[in-house]
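Residues in the sequence shown are numbered from 1 upward in steps of one, following this note's numbering.
Even for Gly, the Cβ is constructed at its ideal location relative to N, Cα and C.
One structure below.
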Amino acid sequence: MKQILWFRRDLRINDSAILANAKDEVLPIFIFDKNILDKLNKDDKRVTFIYKSVLKLKEDLKEIGLDLAIFYSTPKEVFETLKNQGFDSVLCSVDFDNYARKRDEAINKIIPMQTFTDSFITHPNNCLKKDNTPYKVFTPYYKNLEFIWESESLVLFERNKNLKKIEFDYDFVPTLQEMGFKKQKLPEFLEKSADELINEFSLKISDYQEGRDFFYKNSTSNLAVHLRFGLISPRELFNKIKKMRAIKSQKDFYIRELFWREFYNYILFHFPKSEFENLNEIKVDWNEDETVFQKWCEGNTGVPLIDASMRYFNETGTMHNRLRMIVSSYLTKNLLIDWKKGEQYFASRLLDYEASSNIGSWQWAASTGADAVPYFRVFNPYLQSAKFDKDAIFIKSVIPELKDVNAKLIHSENGVQSNMFLDYPKQIVSIEYSRNRAIEEFKRANNEKY
Ligand SMILES: Cc1cc2nc3c(=O)[nH]c(=O)nc-3n(C[C@H](O)[C@H](O)[C@H](O)COP(=O)(O)OP(=O)(O)OC[C@H]3O[C@@H](n4cnc5c(N)ncnc54)[C@H](O)[C@@H]3O)c2cc1C
1 MKQILWFRRD
11 LRINDSAILA
21 NAKDEVLPIF
31 IFDKNILDKL
41 NKDDKRVTFI
51 YKSVLKLKED
61 LKEIGLDLAI
71 FYSTPKEVFE
81 TLKNQGFDSV
91 LCSVDFDNYA
101 RKRDEAINKI
111 IPMQTFTDSF
121 ITHPNNCLKK
131 DNTPYKVFTP
141 YYKNLEFIWE
151 SESLVLFERN
161 KNLKKIEFDY
171 DFVPTLQEMG
181 FKKQKLPEFL
191 EKSADELINE
201 FSLKISDYQE
211 GRDFFYKNST
221 SNLAVHLRFG
231 LISPRELFNK
241 IKKMRAIKSQ
251 KDFYIRELFW
261 REFYNYILFH
271 FPKSEFENLN
281 EIKVDWNEDE
291 TVFQKWCEGN
301 TGVPLIDASM
311 RYFNETGTMH
321 NRLRMIVSSY
331 LTKNLLIDWK
341 KGEQYFASRL
351 LDYEASSNIG
361 SWQWAASTGA
371 DAVPYFRVFN
381 PYLQSAKFDK
391 DAIFIKSVIP
401 ELKDVNAKLI
411 HSENGVQSNM
421 FLDYPKQIVS
431 IEYSRNRAIE
441 EFKRANNEKY
């Protein structure tokens, strides 16, 4: 038996389903997929991070007597070549987004694939309502999984220690430049391993529930990127959280967040159309004004908190969860722009971009998705900045021209613009007017549905 172990979004050797289920002679591989890479900007930070992680995986595999063959090609070409070389099965972890599903269907026809639920704790088919239909609301879904999250630890995969490395050309390692990319500066937390981040988080988990919304602080775990690329398995993270010396309610709160990740994966699995359509099927008359959308992307809306969030995002590829909630609410409600445009903009540069979480969260913000925010609950960005960044620390750190402005002015509508010595963009919409416009439009769209 000649097995291919296809690493994709599970770039680790610990708690690895494929290393546990593999037998005999194996060829671990990673493909820098031209279908994906060709569509990315050449300064995409994620490629730098993946590249670094793939090289680390290669080293880790060498330490256990294996190696990693690296390809820069399309999966179809790679597997056709490997089939001709006598490989007869592929082991990999499941991947549910639209491109991944189609890709895997095609590969399965070339060499049969065996897939494992390795990037998530639960398989979406393992949690259905009594009538065998999927949940659309988080709380009952989560309740149904109580037997998992109440357990003290989850079983991890033990690596098969008898695997043998197949002779192969393991020397080919394309450089970033050869693939058309430039090495990018990554945020400091991405220079750390998952274990280092977990250790840091163990010192602050006691403040997680209260502190996690204060976006000028660093109260969250910063583990989303590592989870996304499988540098840590969600099961292992779960176990490590459970073992932390902290009160149960804080640990439970964090684990509940991890299950939002599971939930959105579950929703995308059961409702794949939600990648392209409003899950609740309402038809919103979205604003098509491209200029306004561009101002949101650039961070030139005239609302300091929105502008700081978007400028920071453009610079770093990251954004705090509360800020994501605020900018997505502003785009879909105050500007009445289709969530899909915001979703795609995030997808183009978010370091922790995960199709399911991103689509689910955008549909949440737009009041079109599963367990979404009610349409009449529109975040007021000024109240949000006053509440979660009283001294405007975050805003001032991103927008230096506001550094000497009184925080109270920053937190009031048109406050910054009232200072005639400042050259700051005018608001593109009034908060009150645009909020009412959105509520009217969503009311109409919801009424028409029934
Ligand atoms: C509009 C919008 C888009 C988003 N897009 C993504 C995305 O593409 N990828 C992504 O991983 N998260 C996304 N999120 C969720 C959340 O913002 C990030 O998971 C979080 O900011 C990552 O930081 P952290 O690891 O420090 O989070 P922590 O607060 O430490 O949370 C721990 C982990 O729980 C999971 N998690 C927490 N909140 C959520 C949530 N609301 N939905 C799903 N999982 C969650 C993440 O895996 C996270 O790493 C989005 C949220 C919004 C509002």
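Where residue i sits in the DSSP three-state scheme
| i | result |
| --- | --- |
| Met310 | helix |
| Leu186 | coil |
| Ile4 | strand |
| Asp104 | helix |
| Ala392 | coil |
| Tyr353 | coil |
| Asp216 | Looking at the sequence itself, residue 216 is Tyr, so the reference to Asp does not match. Of the three classes helix, strand and coil, the one that applies to Tyr216 here is coil, per DSSP. |
| Ala370 | coil |
| Gln114 | strand |
| Cys127 | coil |
| Tyr72 | strand |
| Ile31 | strand |
| Leu91 | strand |
| Val26 | strand |
| Lys164 | strand |
| Asp285 | coil |
| Arg228 | helix |
| Phe276 | coil |
| Met325 | helix |
Cβ-heavy atom distance, residue i to ligand 1, below 6 angstroms
| i | result |
| --- | --- |
| Asn334 | no |
| Glu257 | yes |
| Asn314 | no |
| Trp260 | yes |
| Ser385 | no |
| Leu227 | yes |
| Met325 | yes |
| Tyr353 | yes |
| Leu223 | yes |
| Asn321 | yes |
| Leu350 | yes |
| Ser219 | no |
| Asn406 | no |
| Val358 | First, the residue type needs correcting, since residue 358 is Asn and not Val in the sequence shown. Yes. |
| Ser202 | no |
| Trp362 | yes |
Buried or exposed by the 16-neighbour rule on C-beta atoms within 10 Å, applied to residue i
| i | result |
| --- | --- |
| Thr48 | buried |
| Pro381 | buried |
| Arg349 | buried |
| Arg377 | exposed |
| Gly86 | exposed |
| Gly342 | buried |
| Phe181 | buried |
| Glu315 | exposed |
| Lys130 | exposed |
| Phe421 | exposed |
| Val416 | buried |
| Pro174 | exposed |
| Ser418 | exposed |
| Gly299 | buried |
| Pro28 | buried |
| Gly65 | exposed |
heavy atom of ligand 3 below 6 angstroms from residue i C-beta
| i | result |
| --- | --- |
| Glu413 | Among the ligands in the structure shown, ligand 3 does not appear; only ligand 1 can be found there. |
Does the count of Cβ pairs from the segment 154-162 and the segment 303-311 closer than 8 angstroms reach three? no
Assess, as a yes-or-no matter, whether the segment 106-116 is touched by the segment 228-248 under the definition of 3 or more beta carbon pairs within less than 8 angstroms. no
Cβ pair count under 8 angstroms reaching 3, the segment 195-214 against the segment 161-178: no
Is the number of C-beta pairs between the segment 316-332 and the segment 258-270 that are closer than 8 angstroms three or more? no
Check whether the segment 356-368 touches the segment 275-284, counting contact only when three or more Cβ pairs, one atom from each stretch, lie closer than 8 angstroms. yes
How about the segment 115-131 and the segment 383-391: do they share at least three Cβ pairs that are nearer than 8 angstroms? no
Is the segment 34-48 in contact with the segment 17-26, if contact means three or more CB pairs nearer than 8 angstroms? no
Are the segment 184-199 and the segment 217-225 touching, with three or more C-beta to C-beta distances below 8 angstroms? yes
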